[in-house]
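A quick write-up on the structure given underneath.
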Amino acid sequence: MTQPEPVFETPWHAQLFALTVHLNEAGHFVWADWADRFGATLKRHGVNKNLNGGDDYFTAWLETLETYLDQTGAAASAEVERTRDAWAEAYQTTAHGAPVKLPVKS
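Mapped onto my numbering, the consecutive letters of the sequence shown carry residue numbers 12 to 117.
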């Protein structure tokens, strides 16, 4: 019996998809509006190349979500950037195999 092909290439693709669906289901945005915005981002990203549906697709997805959340006031871009930097610092300084933890803000 052969294993089915994975739906997502990498875990972060699945996590980003799940987060977006959750935010929609929690009422943070209307899916049709999200789809319009994402379509515009894909069109803009695909101007100079054909998108492969993997990292380039989900990079566009992430850009759309971050921009949308910033525009609605749900997550300011500066706070998203600080959190991204904190995660990068945390995973780069955590011993292999140990859980990655963000420092607690005071």
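All C-beta atoms in this analysis are idealised placements derived from N, C-alpha and C, irrespective of residue type, glycine included.
Straight-line Cα distance separating residue j from residue i
i, j, result
"Pro17", "Gly65", "12 angstroms"
"Val91", "Glu20", "24 angstroms"
"Leu73", "Met12", "35 angstroms"
"Asp81", "Gly57", "23 angstroms"
"Lys60", "Phe49", "17 angstroms"
"Gln26", "His33", "10 angstroms"
Endpoints, the alpha helix (DSSP H) within which residue i is located
i, result
"Val91", "88–104"
"Phe19", "Segment: none, Phe19 is in no alpha helix (DSSP H) and carries neither H nor E."
Own chain, CB closer than 8 angstroms to residue i, minus 5 neighbours either side, in chain order
i, result
"Trp42", "Asn35"
"Ala97", "Leu113, Pro114"
"Ala87", "Asp81"
Neighbourhood of residue i by C-beta, 6 angstroms cutoff - its chain only, sequence neighbours within 5 removed
i, result
"His24", "Phe69"
Under the three-state DSSP convention, the category residue i falls into
i, result
"Phe40", "coil"
"Asn35", "helix"
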